[in-house]
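**Q** Got a structure for you, written out below as structure tokens; questions coming shortly.
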């Protein structure tokens, strides 16, 4: 009887231990461990967020090793093939931000930090409000050095993410997915469509019925979008009459 | 009799030549024209994106023609399987106007075409299936 009662409690402890280990690995400098950990954490979904938000505060660089053919801003060589990660994941807060954005289908700005110099000021001006910017600097954005601009984008991204978390700590991932598809942010739309098309990680509550009711109307709209990366992917999903994109998630 | 044999050899040789020529001919698959005449602040608007169904065991040949008279851009092609880059015409130090991609898994691949950041361009990409 006692064992039966303790069952769920033990399971919770085991899940937490699993998450703790994944977070530890996610902070590692070994890409193989980081890569495995990101899958575990993404599968945990919103449960992984508290720990990932704690990582945002750890402002340190953990240069990745064993990256093989990974294509990311810190890569030393380009082999012409490999996984593309558009985030400077050698920086721990950015690495956490990358996965937080992936889980929540949000765009806090972490992917802009490493962008080309000529694009940085535009990212700051168009992605963040002036009141947000003024919290971190008192001089004009144009007068900042390139390093300062990158640092500012990082601070603003972390700030945005933390603010979102304050209001959405109890959000569920399916709602986040729906919100991304109906947002006006191209990056969020692309990420959400990309997730639907190719990811094998399930989202709790994403059934065929939930898809038809919550996501389908928005995907139909996106199929007519002017941006090809959005419309092409939306059409691909609409043409999948046998729901293969859900089946690969085990749904 | 000798003439017959010569004729036979000529005919046989010619047949082989013709057969070989046909056998090596690539099959046209698709042509893509991508012209970028102004740079948008939205980076997705500065690229060409299309999803293609490619077949396992088939080798696809990409031939890029860059019209560099008016615009300097050279088309950079990326073949993507999800987030994975599986083929491109650019390496760290080289640019190729022709390249081949051997497909190892039947499925939908994304073809992303762009020009070097900030450059305008006008390119035609012909895709063939190599026999």
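Protein chains in written order, with the working numbering: chain A, 46 to 296; chain B, 24 to 154. Every residue gets a Cβ at the ideal spot worked out from N, C-alpha and C, and that includes glycine. Fair warning: this is a prediction, and the values are worked out from it, not measured in the lab.
Using a C-beta to C-beta distance shorter than 9 angstroms, which residues of chain B count as neighbours of residue 277 of chain A?
**A** 72, 73, 74, 133
**Q** Please state the DSSP three-state secondary structure of residue 128 of chain A.
**A** strand
**Q** At the level of alpha carbons, what is the spacing between residue 288 of chain A and residue 253 of chain A?
**A** Residue 288 of chain A and residue 253 of chain A have their alpha carbons spaced roughly 8 angstroms apart.
**Q** Express the C-alpha separation of residue 54 of chain B and residue 97 of chain B in angstroms, rounding to a whole number.
**A** 16 angstroms
**Q** Leaving out five residues on either side along the sequence, give the residues of the same chain with a beta carbon under 8 angstroms from the beta carbon of residue 239 of chain A.
**A** Excluding its 5 nearest sequence neighbours in each direction, residue 239 of chain A has C-beta neighbours in its own chain below 8 angstroms: 278, listed in chain order.
**Q** Which chain B residues sit within Cβ distance under 8 angstroms of residue 235 of chain A?
**A** What residue 235 of chain A touches in chain B: 67.
**Q** What residues in its chain sit with their C-beta under 7 angstroms from that of residue 63 of chain B, if we drop five residues either side in the sequence?
**A** 69
**Q** If I follow the unbroken beta strand (DSSP E) through residue 302 of chain A, where does it start and stop?
**A** Residue 302 of chain A lies beyond the range of chain A shown here (46 to 296); nothing can be said about it.
**Q** Would you call the segment 214-233 of chain A and the segment 186-204 of chain A touching, i.e. three or more CB-CB distances under 8 angstroms?
**A** no
**Q** Are residue 136 of chain B and residue 52 of chain B touching if we call contact CB-CB under 8 angstroms?
**A** no
**Q** CB-CB under 6 angstroms to residue 45 of chain B, same chain, minus the five flanking residues each way: which ones, in chain order?
**A** Only weak support exists for where residue 45 of chain B lies, its pLDDT of 47 falling under 50; the value from the coordinates is given anyway. Closer than 6 angstroms at the Cβ level, and outside the excluded window around residue 45 of chain B, lies no residue.
**Q** Is there a Cβ of chain A sitting closer than 8 angstroms to that of residue 143 of chain B, yes or no?
**A** no
**Q** Under DSSP, the beta strand (DSSP E) around residue 145 of chain B begins and ends at which residues?
**A** 144-153
**Q** Since residue 64 of chain B meets chain A, which of its residues come closer than 8 angstroms, beta carbon to beta carbon?
**A** Residues of chain A whose Cβ lies closer than 8 angstroms to the Cβ of residue 64 of chain B are, in chain order, 167, 171.
**Q** State the DSSP-derived secondary structure class of residue 288 of chain A, mapped to helix, strand or coil.
**A** coil
**Q** So what's residue 271 of chain A in DSSP terms, helix, strand or just coil?
**A** coil
**Q** Could you work out which residues of chain B lie near residue 231 of chain A, taking near to mean beta carbons separated by less than 8 angstroms?
**A** What residue 231 of chain A touches in chain B: 65, 67.
**Q** Excluding the 5 residues preceding and the 5 following residue 56 of chain B in the sequence, name in chain order all residues of the same chain whose CB lies nearer than 6 angstroms to its CB.
**A** 147
**Q** Please name the residues in the segment 114-127 of chain A whose beta-carbon is closer than 9 angstroms to at least one beta-carbon of chain B, in chain order.
**A** 114, 116, 122, 123, 124, 125, 126, 127
**Q** Among A:112, A:276, A:60, which has the Cα closest to the Cα of residue 80 of chain A?
**A** A:112
**Q** Does residue 70 of chain B come out as helix, strand or coil in the three-state DSSP assignment?
**A** strand
**Q** Taking all protein chains shown into account, decide if residue 92 of chain B is buried (16 or more other Cβ within 10 angstroms of its Cβ) or exposed.
**A** exposed
**Q** Chain B beta carbons: is any one of them nearer than 8 angstroms to that of residue 161 of chain A?
**A** yes
**Q** For residue 82 of chain A, count the other beta carbons within 10 Å of its own beta carbon; 16 or more makes it buried, fewer makes it exposed. Which is it?
**A** buried
**Q** Residue 103 of chain A: which of A:245, A:263, A:135 sits nearest, CA to CA?
**A** A:135
**Q** Taking the beta strand (DSSP E) that residue 128 of chain B falls in, what are its first and last residues?
**A** Taken as a continuous stretch (DSSP letters only), residue 128 of chain B belongs to no beta strand (DSSP E), as it is neither H nor E.
**Q** Using a Cβ-Cβ cut-off of 6 angstroms (strictly less than) and excluding sequence neighbours within five positions of residue 153 of chain B, which residues of its own chain qualify?
**A** 49, 82, 84
**Q** Would you call the segment 156-173 of chain A and the segment 126-134 of chain A in contact, with 3 or more CB pairs under 8 angstroms?
**A** yes
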